[in-house]
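See structure below.
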Amino acid sequence: MTQTVQLPLWLFILIVVFAAVTALSHFLLPSVRWFFRRRLERAVARLNKRLTRPIEPFKLARRHDMIQRLIYDPEVSQEIVNYARSNGVPENVAFQKAREYAREIVPRFSAFAYFSFGIRLARLLTNTVYRVETAVSNETTFAALPRDATVVFIMNHRSNMDYMLVTYLAARSSALSYAVGEWARVWPLSTLIRSMGAYFIRRRSRGALYRKVLARYVQMATTGGVTQAFYPEGGLSLTGALQPPKVGLLSYVVDGFDPEGERDIIFVPVAINYDRVLEDRVLIAAGQRGDRRFGARITVVVGFVLRKMWRRLRGRDTRFGTAAVTFGDPLSLRRTGAGVPVSELSEMLMDRIAQAMPVLTVPLIARVMLQAARPMKEADLLAEVAATLEQMPPRNRVPKPDVLPERVARAVARLKKRGVISEGPEGLEIVEGQGPVLAFYANSIAHFPWEDAAPAAELLRLLGHKITNGGI
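Residue numbers (this note's numbering): 434 to 905.
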C-alpha cells in the first residue's frame, strides 16, 4: 500500500485530464450553469416588465425538457404504438422516430439572442431596405387584447422579409414564435432561427406520427400562452394576390382549444404590403412555370443585403419605398365558437386580412397603368393615382395627399431603373414583357373595388400577352 508505483508520463496526464473533466461535470459546471441561469432569469424578469405580453414560462423551458414532455405525451405515445403496428417495427424504433421529429420541431429559444441580437438585426435590415409604416390603430388594437389570452398572428405572406418586419414591429409587445419551412434548415441559419423561437415544419410530410408530434407541440405552446405567428397561405404568393388558405396549423390550434379553459385564443389578422418585394421576379417566374422552385441563391441574397447595409451606413438612402403593416379586427375563438369549421374560420381570417390590406404607391401605379394600357404623362399618372387612392377605404390609405407627388415620382424612378416602365415621346409606358411585374403589385389590392375598372380579359388583350395565375 505504501510502495511507490511508477506510471508513464502519458498515462499520468490522461488520469489528470479525466479527473479534471469529472470534477468539472459534477461540481463546477452545474454551479456555473446555475449562476448564469439565475442571471438570465433576473434579466427576463426585468424584460417582462417592459413587454405588453410577458414571455411565458413555456417558452423559457429547457429544450431537452420540452422534447421529453412532447414524446411522452399520451396522444403521441398512442400514435407511436399505431406507427409501430402499421409499419411492422418495434415500438422502440417508432419511439426514436418520434424523438427525431420532436428534436427537429422544438426550438431553442434564447431571450438574449431574440432581444439583443435578433431585434437589432431585424430593425437594421428593415430600415435599410424599406421605409416602414404602420397603421395608427395597431398599438391600440394590440393593447386592447386580453392579457390572459393566447395571441396568434395570422398573416399574408408576400416576402421572406415578412419575418424581419413583423418581428421588429412586435418587439415592444412580445416575442413571436414562427413556423418556418425547410428553406431555413441550413446551418448556421437554422441555429439562429431556433434561438429566435421559431420551429421547423415539413410542409410535405404526410406521416401521421409526424403530424401528431407537430400538432401536440403547437397545442402545448398555445395552451402555454406563447404568442405565435402563422402564414395560412402556406407559402409565398406567386401572383401578389391573397391565396386560398391552408388549414394545417390552424386546425391544430382549434382542435386543442378548450372552450371552458382558462385561456381564450385571439387571432389577430395582419396585412402586409410592399412597394417592392425583393423576390418578385423569382416568384413571378415560379408562378408562370407552375412550380415553387425558387432559383435565388442564398449567397446572392446575403451579398445584396450587405451592399444595401453598407450604402445605408454611408448615409445614402437606398430604400425600396414603403413596407406597411396593418392589424385587422381581432377574432376571439371562444366567442366565435370552437364548433365553427376550420375552413370557414380560415376564410373569415383571410377576409379580415384583405379588408386591412395597406394601399401603397407602387400597387396604385401598377393598377392605373394596367388599366390605361397606353402611354401616360407623369402628371396624368399622378392625377389618376390620386383619384384611385380616393376610392380606397380611408383606413387602408398609406401615402397621404401631401407626400403623394414625391412618392409617385420616386416610385416611377425606381420602376424605370428596373426596366419595368420607360418614358417615350408620348409618356410613360409599360416595357414589353413587364406586364406581369405590374400585375404582381396590382394584385395586392385587386380585391378593392374600382369604379372605372375594365374586365381583366380586356386588359390582357390590350397588354398583348398572358399574365399567368393572377387577376388584376
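Don't be surprised by glycine CBs; every beta carbon is placed ideally from N, CA and C.
Between the CA atoms of residue j and residue i - distance to the nearest angstrom
i: L442; j: R496; result: 42 Å
i: V841; j: I705; result: 20 Å
i: T769; j: L814; result: 44 Å
i: E817; j: V569; result: 26 Å
i: R502; j: G630; result: 17 Å
i: P677; j: P858; result: 42 Å
i: L558; j: T794; result: 21 Å
i: P869; j: R636; result: 28 Å
i: A799; j: V509; result: 50 Å
i: M802; j: S855; result: 12 Å
i: A756; j: V450; result: 57 Å
i: A641; j: Y516; result: 8 Å
i: Y611; j: E780; result: 21 Å
i: V514; j: T600; result: 39 Å
i: P796; j: G668; result: 21 Å
i: S607; j: V775; result: 26 Å
i: R541; j: M809; result: 54 Å
i: L598; j: T759; result: 12 Å
i: I878; j: T567; result: 17 Å
i: R830; j: A787; result: 13 Å
i: L675; j: A527; result: 39 Å
i: V703; j: D595; result: 11 Å
i: R847; j: Y643; result: 46 Å
i: P791; j: I717; result: 21 Å
i: F753; j: G521; result: 56 Å
Secondary structure of residue i, DSSP reduced to three states
i: R564; result: strand
i: L871; result: helix
i: M790; result: coil
i: F610; result: One detail in the question is off: residue 610 reads as Ser in this sequence, not Phe. Three-state DSSP puts S610 in a strand.
i: P677; result: coil
i: L442; result: helix
i: T574; result: helix
i: N593; result: coil
i: G720; result: helix
i: E693; result: coil
i: T672; result: coil
i: A799; result: helix
i: K899; result: In this predicted model, K899 has a pLDDT of only 35, less than 50, meaning its place in the structure is not dependable; the value taken from the coordinates is given anyway. Note: K899 maps to coil in three-state DSSP.
i: E777; result: helix
DSSP beta-bridge partners of residue i
i: S765; result: I699
i: E862; result: S855
i: T583; result: I698
i: N706; result: A757
i: M588; result: V703
i: M809; result: L861
Residue i: CB within 7 Å of a non-hydrogen atom of the ligand ATP
i: I699; result: Because no ligand of any kind appears in the structure shown, any question about the ligand ATP cannot be addressed here.
**Item:** Whole runs of the beta strand (DSSP E) within the region 629-669, excluding any shorter than 3 residues
**Value:** 661-663
**Asked** At what residue ranges does the region 814-856 contain a whole run of the alpha helix (DSSP H), taking only runs of 4 or more?
**Response** Along the region 814-856, the alpha helix (DSSP H) occurs as fully enclosed runs of 4 or more residues at 837-850, listed in sequence order.
**Contact between the region 649-665 and the region 579-599 (3+ Cβ pairs under 8 Å)** = yes
**Asked** Quick one: complete alpha helix (DSSP H) runs, 4+ long, within the region 513-556?
**Response** 524-538
**Request:** Take every Cβ of the region 688-707, pair it with every Cβ of the region 756-770, and state whether three or more of those distances are shorter than 8 Å.
**Result:** yes
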